[in-house]
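Working notes, structure below.
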Amino acid sequence: MTGIHSLSLFALLVATAPLAAQDLAMPEGDVLLTVTGAITVANDGDAAAFDRAMLEDLDPVTVKTTTIWTDGVQTFTGVPLDRLMDVVGATGAAIDATAINDYSVEIPASDWEDGGPIVAFLNNGETMSVRDKGPLWIVWPFDDNPEFQTETIYSRSIWQLDRIVVTE
Amino acid sequence: MSEHRAPKSTRRYRGLGLLRDSRVGAAAVALILCVGLVVGIAVLVLRQIDEFSTAASDNVQWSLAQTDVEYLRYELAIADAEARATPATIEAIRRRFDVFYSRMSTLANGDVFELLRADPAFEDPRQEIEAHLQATIPLIDGPDADLLAALPQLAEDAAAISGDVRAMTLEGLASFANVSDSKREGLVRTLALLAAVLATIFAGLALVAVSLYRLMRLSDDRAREVQLGAARTRTIVETSLDSIFVIDASGHIAEMNGTARHMFGFDETEAGMPLERLFADAGEGHLREGPLSFLASGAAPAIHERRFEATAKDAHGRHFPAEISIGKADGEGDPVYIAYVRDISRRKIAEQGLTEARDRALAGERAKSEFLAVMSHEMRTPLNGLLGSMQLLRDHDLTERQTDLLDRMQSSGKLLLGLVNDVLDLTKLEAGKMEIERRPMSVARLLDGVVETVAPLATEAGDTLDWAWVGPARDACIGDQRRLRQVLLNLVGNAVKFTRDGSVAIEVEALGDNRTVEFRVIDTGVGISERDLERIFNDFETLDSSYSRQVGGTGLGLGISQRLVGLMEGEIGAESEQGEGSLFWVRVPIAGDTTDRTLSVARKAVAEPRPLPPLNLLLVEDNPINRAVAREMLEADGHRVTEAFDGAAGVDWARARRFDAILMDISMPVMDGIEAAREITRDGRASAGVPILAVTAHALPEEIDGFRAAGMAHIISKPIDRDELSSTLAAAVLPESERPASAAPVSQDAARLIDNAHLGAVWRDLPPAARETLLTRALAEIDETVTEVSGTDIPDDPNAVRETVHRAAGSCAALGFTAMHRALAEIETCLKRDGLVPSAPRDALPHLWSGTRNALEDWRSAA
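What follows is the structure, given as structure tokens:
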């Protein structure tokens, strides 16, 4: 555990140090995601708004996994949730993630871990339309860990995500 | 009680064993069953756990319900836009369509809904909906104006699928409810199974607990028994009167009992010391290499090694004799030896005491025996003088009265001599010094003599006395005539003593075994009671003291008779009826292989004195009376006698003058007869080679050998009998050819064993160096021939045998072995004629050959 902690701490130091500046870029395209609540970094009043280019700049990762909602192995590319939370300087204990279809779910901070959920913006290398559960989908690498194959995690795998509120 | 109990308990134990065996089997089976069950259930449960640990779906019910919701919101968005057509409401239609579309594509592609898709009741409406969505896409993706224009149509289409959406979600819900039910049922089944298995395992555990409890009880019992046994063993060991040591393989003492500590004065702490410390002579490795050598190999001691005696040594240095018994305790691991050590000091002292007492008693017995022998011997010397004088007195003119007195004196003297002889015989018998001769004898002559001797007594008692054969007569026998005569005289004498005016009959019978002759002395006298019959053969046994005093007797007669008969390998016994008479019987194996009657005829010749030419004799005798008697007897026969008073004087006389023969008394002061004879033989000077005759009262067989070795080939026994004196003298001095056939039992056919003159001539002619070699070879050759011929009737190769016999016969002829030559020649003739060995000469051959060899020895010692 210590190893993981120190590792994630190291990753945090290396990966976020240059980005930890107050000056979060302003979105130029359509805003895909708006983060509000207990955050320290914002670019639109109290909110941090992200367009696709901004997300693509946040060192996206790609995971390979099956899901219960799709057929066959899928690749998802996106920003790890913990990194995203670092970027916005989230200080809360959880997030309330809400979708276009108004589905909403609370994801505790304990889930934001290395190897944990990513905020995917590509499915099988392609952008996701709303019809394809886009534009954003919080996906866990389900196949990597049986602990991710629970109803709780499934319920937290929110698709058609468009806003996040970091709660205290 | 214990006898009844024992088998029961055995059965119980055996039953227990069986029970235990079957229980072990059952326990094993139960264990395997349990393990199987547990493994089975574990697999099942693990699978279940696995299944429940990861969810196959999220909340499908919610998803399905959401389809309904999203459809309605899509329919609402259309209605909204129809009512108020703004870009926002148009955009809302697109958003709601996309969300609805997305939900439907989840139902179309999600793994979770695969099962539902197989259900036509679900799949058919879904496809209807999908068809609507697909048909609507161009409109949705098209320009706002087109969409706006198509709104009424869109609302209508959307409404058209409302039923499908409802049917699909309801069907999906029902289906998932079923799945949920069946899952729950599966779970219930698994849990029930689990419960059953748990119950089974619990039962098994209970059973195991019961078994363990019983095993514990059993092991407690065992432990108690073992404890009891150990306590008992400890008590046995501790109360043992012997020291007990437990010794390890290296020969060190591991444990010892209380007796050991006490006996050896050891403390408890001294265990562990080497075994040698217990023994006095252990320092030299004596024990390790000796009685304890098995320790080195770690083997169990062999039977002869288990017990030995040694000198033990205690802690204070006291030495004591000990008996050690040692054994190996079998078991696992290093060998352990158990040694019992017993202090046998007291036993040794007792043994020593006994030995000393026995030695003392034996010494006393010997002294008494010697005293008796010496006394009897000493009594015989004066008796000899008396009897000899009486015999000589008859040569003078006597009145009838004097003759009568002389008769009585002589008969008393003879009686006295008989008593003395009895005692001497007994002494000899007790000392084992009497030997039995086996010579040809005549039964008739023996019994005639007995009857003749006892007849005067019988007449005096008014008894008739005679003897007769019962069954066919077998006169010629081989045995000790003198001893047999002694026995019969005793029996007949007793019969006459205890019979008044009756009859005494002697019966003799050759028994069927062709060996034994039975003599029966039957009287009609007073008889003997049954009780007394048992003890009459004891020494000094006189039944009726007053009567026996009247008739006289030492009471030794029957005891001596029994011993003599025993020596002759015979039996003696008695039967009697009080007042009716007695029967004494003697069975002796004397009817052996006698060659023929001529032997007894030849024997008879011994009794007839032959005239001897006057001889010049030296008489060496210390006793003046004996000397005088002998001298008188010799002079009466016309010989000249020179007297010497002791051995030394005898030697001097012999060396000084030549005599024809020397008569030598044996026991004499200064120099005894044997030594004197040896001196004369060694260096006789004037009398060199003169025959020396031993005159003795105690001629034991081994003494006779001594006499011979000293150069005395002939023996005259005391008291001197005139006839014996002259015949022995004749045998000693006359050449073989002229003497009566008395020295050796020789048949008339083969009157001469050796032609002395011939042999002498041959001997003289031969060069001295060659003589011995030649003789030895010839003797060996004849020896072999005799052995070969004696063993065969019909030889395999008659010619080879004949040649051997021919060669031996030639040798015999050359050496003058007349009788042997004759016998071998007869065998040779027979072989040549029939190829058979004739039985008569063959059977006689060994006897003839041994006689010849004796005669040869005589000749050589004389030469």
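Chains A and B are the protein sequences, given in the same order.
Start counting the first sequence at 27; every next residue gets the next number (this note's numbering).
Start counting the second sequence at 467; every next residue gets the next number (this note's numbering).
No residue lacks a Cβ here, since even glycine has one placed at the ideal position from N, Cα and C.
Please decide whether residue i counts as near chain B, where near means a Cβ-Cβ distance under 8 Å.
i	result
ALA153(A)	A small correction: the amino acid at residue 153(A) is Thr; Ala does not occupy that position in the sequence shown. Answer no: the Cβ-Cβ gap between THR153(A) and chain B never drops below 8 Å.
ASN150(A)	no
GLN186(A)	yes
VAL13(A)	Outside the shown range of chain A (27 to 194) lies residue 13(A), about which nothing can therefore be said.
GLU177(A)	yes
VAL127(A)	Here the sequence assigns Asn to residue 127(A), which means Val is not the residue at that position. Judged by the 8 Å Cβ criterion, ASN127(A) is in contact with chain B.
TRP95(A)	yes
SER181(A)	yes
LYS90(A)	no
Give a yes or no on whether 8 Å exceeds the smallest Cβ distance from residue i to chain A.
i	result
SER685(B)	no
GLU536(B)	yes
ASP610(B)	no
THR602(B)	no
ASP577(B)	yes
VAL511(B)	no
TYR1357(B)	This structure cannot settle anything about residue 1357(B), because the visible part of chain B is limited to 467 through 1329.
THR656(B)	no
THR572(B)	yes
ALA626(B)	no
THR564(B)	The question names Thr, but residue 564(B) is Asp in the sequence shown. So, interface residue.
ASN525(B)	yes
ARG650(B)	no
Could you pull out every residue in the same chain whose Cβ sits closer than 8 Å to the Cβ of residue i, ignoring the five residues on either side in sequence?
i	result
ALA64(A)	ALA116, THR117, GLY118, VAL192, THR193, GLU194
GLU177(A)	none
SER1011(B)	Interpretation of SER1011(B) is limited by its pLDDT of 45, a score under 50 that renders its predicted location unreliable; no figure is taken from the coordinates.
Checking the sheet assignment: what are the DSSP bridge partners for residue i?
i	result
ILE190(A)	VAL61(A), ALA123(A)
LEU458(B)	Not covered by the structure: residue 458(B). The range shown for chain B is 467 to 1329.
PHE102(A)	VAL89(A), ASN149(A)
ILE1181(B)	ALA1160(B)
PRO906(B)	ILE944(B)
VAL712(B)	GLU721(B), ILE804(B)
Locate the beta strand (DSSP E) running through residue i, then write down its first and last residues.
i	result
GLY1047(B)	1047 to 1055
THR982(B)	982 to 989
ILE164(A)	162 to 165
THR965(B)	THR965(B) -> no beta strand (DSSP E), and no H or E assigned at all.
THR91(A)	87 to 91
ILE133(A)	130 to 134
PHE786(B)	785 to 795
LEU1219(B)	Taken as a continuous stretch (DSSP letters only), LEU1219(B) belongs to no beta strand (DSSP E), as it is neither H nor E.
ASP932(B)	930 to 935
ASP77(A)	74 to 77
ILE1038(B)	1037 to 1043
Give every residue of the same chain whose Cβ lies closer than 7 Å to the Cβ of residue i, excluding the five residues on either side of it in the sequence, and list them in chain order.
i	result
VAL1107(B)	LEU1083, LEU1085, ARG1097, LEU1100, GLU1101
ALA616(B)	LEU605
LEU1290(B)	VAL1271, ALA1274, ALA1275, CYS1278
ASP577(B)	none
TRP185(A)	ALA125, LYS159, TRP163
GLU973(B)	ALA934, VAL936, ARG986, ILE988
ARG471(B)	Bear in mind that a pLDDT of 44 at ARG471(B), under 50, signals an unreliable position, so the model cannot answer this.
GLY1282(B)	ILE1220, ASP1221, HIS1224, LEU1225, VAL1228
What residue range is occupied by the uninterrupted alpha helix (DSSP H) comprising residue i?
i	result
SER685(B)	628 to 705
ARG550(B)	It is not in any alpha helix (DSSP H) - ARG550(B) carries neither H nor E in the DSSP assignment.
LYS894(B)	866 to 896
SER842(B)	811 to 859
Regarding residue i and the ligand ADP, is the C-beta to nearest heavy atom distance less than 7 Å?
i	result
ARG1174(B)	This structure lacks the ligand ADP; in fact it carries no ligand of any kind.
Residues in its own chain within less than 6 Å of residue i by CB, not counting five upstream and five downstream?
i	result
ALA73(A)	THR60, THR62
LEU582(B)	PHE588, GLY638, SER641
ASP630(B)	PRO591, GLU594, ILE595
**OP:** Answer yes if the stretch 801 to 810 of chain B comes into contact with the stretch 767 to 786 of chain B, meaning at least three C-beta pairs across the two stretches below 8 Å, and no otherwise.
**Re:** For the pair of segments examined, the stretch 767 to 786 of chain B was found to touch the stretch 801 to 810 of chain B: the number of CB pairs separated by less than 8 Å reaches three.
**OP:** Tell me, please, whether the stretch 79 to 94 of chain A touches the stretch 154 to 171 of chain A by the rule of three or more beta-carbon pairs shorter than 8 Å.
**Re:** The stretch 79 to 94 of chain A, when compared against the stretch 154 to 171 of chain A, does touch it at the 8 Å Cβ threshold.
Original post:
Quick one: any contact between the stretch 529 to 536 of chain B and the stretch 691 to 699 of chain B, if contact means 3 or more CB pairs under 8 Å?
Top reply: The answer is no - the stretch 691 to 699 of chain B does not touch the stretch 529 to 536 of chain B, with fewer than three Cβ pairs under 8 Å.
**OP:** Would you be able to state if there are at least three C-beta pairs under 8 Å between the stretch 891 to 905 of chain B and the stretch 853 to 861 of chain B?
**Re:** Taking 8 Å as the limit for Cβ pairs, the verdict is that the stretch 891 to 905 of chain B does not touch the stretch 853 to 861 of chain B.
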